[in-house]
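Notes to accompany the following structure.
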Amino acid sequence: MKKGIIFLITIIVIFSLIILGISNIKPKEANNEKIKIVATLFPQYDFAKQIGGDKVDVTLLLTPGTETHTYEPTPQDIINVNKSDLFIYTGAYMEPWSDKIASGIDSNTIILDCSKNINLISLEQHSEEHDNHEKHDDEQNDNHEKIESESHNHEYDPHIWLNPENAIGMVNNITDELCNIDPQNSAYYKANAKNYIEQINLLDADIQNTIKQSEKNKIAFGGTFAYMYFVKKYNLEYVSAYQSCGEDTEPSAANVKKVIDYMKQNDIPVIFYQEQSSGKIADTIASETGAIKLVLHTVHNASQEEIDRGETYISLMRKNLENLKIALS
Ligand SMILES: [Zn+2]
Numbered sequence: 005m006k007k008g009i010i011f012l013i014t015i016i017v018i019f020s021l022i023i024l025g026i027s028n029i030k031p032k033e034a035n036n037e038k039i040k041i042v043a044t045l046f047p048q049y050d051f052a053k054q055i056g057g058d059k060v061d062v063t064l065l066l067t068p069g070t071e072t073h074t075y076e077p078t079p080q081d082i083i084n085v086n087k088s089d090l091f092i093y094t095g096a097y098m099e100p101w102s103d104k105i106a107s108g109i110d111s112n113t114i115i116l117d118c119s120k121n122i123n124l125i126s127l128e129q130h131s132e133e134h135d136n137h138e139k140h141d142d143e144q145n146d147n148h149e150k151i152e153s154e155s156h157n158h159e160y161d162p163h164i165w166l167n168p169e170n171a172i173g174m175v176n177n178i179t180d181e182l183c184n185i186d187p188q189n190s191a192y193y194k195a196n197a198k199n200y201i202e203q204i205n206l207l208d209a210d211i212q213n214t215i216k217q218s219e220k221n222k223i224a225f226g227g228t229f230a231y232m233y234f235v236k237k238y239n240l241e242y243v244s245a246y247q248s249c250g251e252d253t254e255p256s257a258a259n260v261k262k263v264i265d266y267m268k269q270n271d272i273p274v275i276f277y278q279e280q281s282s283g284k285i286a287d288t289i290a291s292e293t294g295a296i297k298l299v300l301h302t303v304h305n306a307s308q309e310e311i312d313r314g315e316t317y318i319s320l321m322r323k324n325l326e327n328l329k330i331a332l333s
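The numbers in our numbering rise by one with no breaks, and the one at position 181 of the sequence shown is 185.
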């Protein structure tokens, strides 16, 4: 009889432990059901988080602060992407190494080119516009030296997200893919996307209003140049010491002089430079013109500090807007 009771108690204890064990495992199982996303750069990292909410687990492939143009994926990156459900990159011109990642993947990871259905600006068009701009300047000032284009090829400018319209295109691309992967929650993803798109539209309207209300529409860049989509979208006239982004050689003295002359002629109070750069050239220009040096964030990547602060594409672009207001004053 006693043995029977002990046996019964033992069985009850064992079952209780099993049940406890199962209930302990449950939250982990639920966690594992999240869609694992690896995003190369900050814009799509932020967009995927905004749209996916608590149903996704997003990691940034390029650790905060990593230089984006000279980056090469490591074997560990390929392993991490292989373990994910969705790999999001900007496009072939931003991450030419995406092919290397794609060929290293043997799992069911879906690969999303975020520039899908977005009109790219060719670098050739870029250079022609720059040259035209120079010609226009030459009419005003014969001293201006013409910049020789270094980028006569058929490649495209990859910094699409700096035009908010393109950011919306990227949000839509990510939303479509999340709905494909997880159709049960498509209403949730679409509602989040709608909300974020409204905020991007508001940002766009605020930038347009600022420019409309400003007497000036000319800005100057003393750092490497990633802003073609931005200046084109808002019809801003500009001068730049560098022609493109990711340039590792310093601009010629003639180019720097051109920026200084343009700023003096047009009474431009701000020289812009990229985040994650020392702004050395911008310093030289600032001391020659009396202008102040301000960051115009390219949003390629965010620093750890910015990520910890909870910065988003929109919050970084709003900081750009504040600096633009000063530059156009
Ligand atoms: Zn760039």
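All residues carry an ideal CB built from backbone N, CA and C; glycine is no exception.
Remember, predicted model here, so these are calculated numbers, not experimental data.
- Counting along the chain, no alpha helix (DSSP H) covers residue 244; the unbroken beta strand (DSSP E) around it starts and ends at 241 to 244.
- Annotation for residue 316: 50 and 54 place their beta carbon closer than 8 Å to its own, counting only its chain and skipping 5 residues before and after.
- Excluding residues up to 5 positions away in sequence, 86 lie with their Cβ nearer than 7 Å to the Cβ of residue 111 in the same chain.
- Inclusion of residue 281 and residue 228 in the CB contact set at 8 Å is warranted, their separation being smaller than that value.
- In this structure, the straight-line span from the alpha carbon of residue 218 to that of residue 185 is close to 45 Å.
- Taking C-beta atoms as the reference points, residue 92 and residue 116 count as a pair closer than 8 Å.
- No heavy atom of ligand 1 is found nearer than 7 Å to the CB of residue 70.
- In this structure, the C-beta of residue 302 approaches ligand 1 to less than 7 Å from one of its heavy atoms.
- Nearest neighbour of residue 216 by Cα position, chosen from 232, 231, 236 and 240, turns out to be 240.
- Two segments are said to touch when three or more pairs of C-beta atoms, one from each, lie closer than 8 Å; by this definition the region 200 to 213 touches the region 164 to 180.
- Unbroken alpha helix (DSSP H) runs of no fewer than 4 residues, entirely contained in the region 65 to 95, are found at 79 to 86, following chain order.
- Contact check for residue 46 against residue 299 fails: the beta carbons are separated by 8 Å or more.
- Here the C-alpha atom of residue 182 lies approximately 15 Å from the C-alpha atom of residue 200.
- Per DSSP, residue 297 lies in no alpha helix (DSSP H); the unbroken beta strand (DSSP E) holding it starts and ends at 296 to 299.
- Apart from sequence neighbours up to five positions away, the residues of its chain that approach residue 102 with a beta-carbon distance below 7 Å are 93 and 96, ordered along the chain.
- For residue 297 and residue 107, the gap between their C-alpha atoms comes out near 43 Å.
- Under DSSP, residue 225 shares a beta bridge with 244 and 276.
- Taking all protein chains in view, the Cβ of residue 74 is surrounded by fewer than 16 other Cβ atoms within 10 Å, so the residue is classified as exposed.
- For residue 330 and residue 293, the gap between their C-alpha atoms comes out near 16 Å.
- Between residue 196 and residue 57 a beta carbon distance of about 6 Å is seen, short of the 8 Å cut, so the two are scored as contacting.
- Residue state for residue 117 is assigned as strand, using DSSP reduced to three classes.
- For residue 40, the secondary structure class from DSSP, reduced to helix, strand or coil, is strand.
- For the set 272, 40, 41 and 232, the Cα lying nearest the Cα of residue 160 is the one of 232.
- Less than 8 Å separates the beta-carbon of residue 63 from that of residue 42.
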